[in-house]
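See below for the structure under consideration.
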Amino acid sequence: MAAMEKHLQDINWGKLTFSITPTRSMYEAHCEIDGEWEEGKLVPYGNISMSPAAGVLNYGQGIFEGMKAYRTAKDRIVLFRPEKNALRAATSAERVCIPPVRIEMFMDALEKIVRDNIDYVPPQGKGSLYLRPVIWGTGPILGVAPAPSYTFLIYVSPVGPYFKSGVKCLNLRITNQFHRAAPKGTGGHKVIGNYAASLFPQRMVKKAGFDEAIYLNAANEKFIEEVGSANLFAIKDNVLMTPSIDGSILPGVTRDSVLAIARELLHMEVRERSISIKDFLNADEVFCSGTAVVVTPVGKITTNNTSTTINNNKMGPITMKIRKILLGIQREEIEDPFGWIYPIK
Ligand SMILES: *Cc1c(COP(=O)(O)O)cnc(C)c1O
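Structure (structure tokens):
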């Protein structure tokens, strides 16, 4: 356990936000288009160099993942369901013709990068070490085609809460000016271009005083899809609802965990189905979920001309229960009945 004995970095842990703090190292591996991924290695954290004609720079051939390492109540460093991220990275990669990284290689890379930067994992309760795996087409290509070579990188950063204001209810705007994802498009994968497309709508709603935009389904704008980087849930009469995974919804690891907690620990009825705008605004409780936001309540939702307040703009009792259980499992404060915790040795 030599790694665990390293003294913590001299960082003002209480002041962390969701932003980049440089760390010791990053993980890097390479692959040719028709080859196998070579064994990766740790390199000092810092800028990278590539051709201006790199596929990722010109045509957005890239995917990413997001996960957190926590220092827990048992004084261990753990990841949360990392195999799910490994699998999702592989399916995202295949969608944009990137050679997928094998699950075992991905897991080995996660362990290496966390171990080498273990002194950057915040003390218990002060945040987490955010892990950002990316896989990019880094070889030069002029015409629109898969790049000749690829880079798999993981960089990490200690982070505090995603929302500066702490767990406050979100004030969201349903947009019908923009779509996040189309049926049969790339919305179901963590493909980098999806997020560039969300910047302008996000800026518009933020200027108008909202925290984020809610996107509707592209086909007929009748149903709720998700927020730019988090899944949405509604609770009505003790039934938990969330849009089903149909190609334009990102299959969140947190989403899946929330469903399991509600179904198996809270014995709630859980429905994965289309949610109309009307049903959504009629909900008793609304919240969003994601690695960055964990479980965050939604207190106000605005459509074209009307605003609806949900649960008096307060976190609802079921949302609170789900959040508590999820955080409790992640921090090893309560038993993990699902086998979700992955300790770093
Ligand atoms: C990453 C992401 C989520 C949340 O996924 P988690 O695995 O729970 O972090 C939700 N929606 C979108 C669009 C995302 O990119």
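Under the numbering used here, the first residue of the sequence shown is numbered 1307, with each subsequent residue one higher.
Built from N, CA and C at the ideal position, the CB exists for glycine as well.
Fair warning: this is a prediction, and the values are worked out from it, not measured in the lab.
Would you decide whether residue 1352 is buried or exposed? Buried here means 16 or more other CB atoms lie within 10 Å of its CB.
exposed
With a CB to CB cut of under 7 Å and the five nearest residues on each side skipped, what residues in its chain are close to residue 1644?
1566
Regarding residue 1523 and ligand 2, is the C-beta to nearest heavy atom distance less than 7 Å?
The model on display carries ligand 1 but not ligand 2.
The beta strand (DSSP E) spanning residue 1331 covers which residue range?
1331–1338
Taking the alpha-carbon of residue 1479 as reference, which of 1520, 1330, 1449 has the nearest alpha-carbon?
1520
Would you mind reading off the limits of the beta strand (DSSP E) that contains residue 1373?
1373–1377
Am I right that residue 1582 and residue 1528 are in contact with their C-beta atoms under 8 Å? What's the rounded C-beta distance?
6 Å
For residue 1646, which of helix, strand or coil comes out of DSSP?
coil
For residue 1555, does the count of other Cβ atoms within 10 angstroms reach 16, so buried, or fall short, so exposed?
buried
Buried or exposed: where does residue 1483 fall if 16 or more other Cβ atoms within 10 Å of its Cβ makes it buried?
exposed
Whole-angstrom distance between residue 1646 and residue 1377, CA atom to CA atom
15 Å
Given this structure, state the Cα-to-Cα distance separating residue 1303 from residue 1557, to the nearest angstrom.
Residue numbering for the chain in the displayed model covers 1307 to 1651; residue 1303 lies beyond these limits and cannot be assessed.
With a cut-off of 8 Å on the beta carbons, I'd call residue 1475 and residue 1605 a contact; round off their distance for me.
3 Å
Can you check which of these residues, 1608, 1610, 1559, 1628, is closest to residue 1393 by C-alpha distance?
1559
For residue 1594, which residues does DSSP report across the bridge?
1538, 1602
Where residue 1569 falls, given that 16 or more other Cβ within 10 Å makes a residue buried:
exposed
Just how far apart, CA to CA, sit residue 1640 and residue 1389?
21 Å
In terms of alpha-carbon separation, which member of 1383, 1443, 1329 lies closest to residue 1364?
1443
Alpha carbon to alpha carbon, how far is residue 1637 from residue 1433?
11 Å
Is the beta carbon of residue 1556 within less than 7 Å of some heavy atom of ligand 1?
yes
With a Cβ-Cβ cutoff of 8 Å, do residue 1536 and residue 1589 count as a contact?
no
Look up residue 1505 in the DSSP assignment and give the residues it is bridged to.
Bridge partners of residue 1505: none, in fact.
Excluding sequence positions up to five away, which residues of its chain have a Cβ less than 6 Å from the Cβ of residue 1594?
1533, 1536, 1538, 1602
Output needed for residue 1517: all residues of its chain with C-beta closer than 7 Å, excluding positions within five of it in sequence on either side, in chain order.
1476, 1477, 1478
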